[in-house]
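In our numbering, the protein residues as written are -11 to 105.
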């Protein structure tokens, strides 16, 4: 089962993503809202997600999260996705950008292996 952590500022977009993803039985989906850095690090270490999804309005920018993940020495399986709702794109940790046209495109990206082309 793929562990997905939706990291969001409590927006409708984050809630909607979590709801879409929860419909896939092969995914274990958790959502967290930023409280402080110590709580975030503790949550990441406890849950060890395979995929972290951020939205454009996440209170922590993607660069800062990538720095934190590097410090944690997580496995190479980790994928970070930044959802950009303004232009319907998803930035992947491996610096690719993918157009999306429907909600289930996000699920397809999570399931795609290997993480790099």
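We put the beta carbon where it would ideally sit given N, CA and C, even for glycine.
Item to check | At least 3 beta-carbon pairs within less than 8 Å: the region 6 to 15 vs the region 90 to 99 | outcome: yes
Item to check | Three-state secondary structure assigned by DSSP to residue -8 | outcome: Reading the chain shown from its first residue, position 4 is the one you call residue -8. The answer is strand: DSSP assigns residue -8 an E or B state.
Checklist entry - Leaving out the 5 sequence neighbours to the left and right, which residues in its chain are closer than 6 Å to residue 71 when beta-carbon positions are compared? => result Position 83 of the chain shown, counting from 1, holds the residue named residue 71. Closer than 6 Å at the Cβ level, and outside the excluded window around residue 71, lie 43, 78.
Checklist entry - So the alpha helix (DSSP H) residue 66 belongs to, where does it begin and stop? => result The sequence position of residue 66 within the chain shown is 78, counting from 1. No alpha helix (DSSP H) holds residue 66; DSSP gives it neither H nor E.
Next on the checklist: Based on DSSP bridge pairs, tell me the residues matched to residue 18.
Outcome noted: As a first step, residue 18 is located in the chain shown; it is residue number 30 there, counting from the start. According to DSSP, which records beta bridges pairwise, residue 18 is partnered with -7.
Checklist entry - Helix, strand or coil: which one does DSSP assign to residue 72? => result On the chain shown, position 84 is the one that residue 72 refers to. It is a strand residue.
Item to check | Bridge partner(s) assigned by DSSP for residue 86 | outcome: For the purposes of this step, residue 86 is taken as the residue at position 98 of the chain shown. Note: residue 86 sits in a beta bridge opposite 78.
Item to check | Where residue 94 sits in the DSSP three-state scheme | outcome: Residue mapping note: residue 94 aligns to position 106 of the chain shown, counting from 1. Note: residue 94 maps to helix in three-state DSSP.
Item to check | Neighbour-count burial assignment, residue 38, 16 or more Cβ in a 10 Å radius | outcome: Here residue 38 corresponds to residue number 50 of the chain shown, with the count starting at 1. Burial call: buried.
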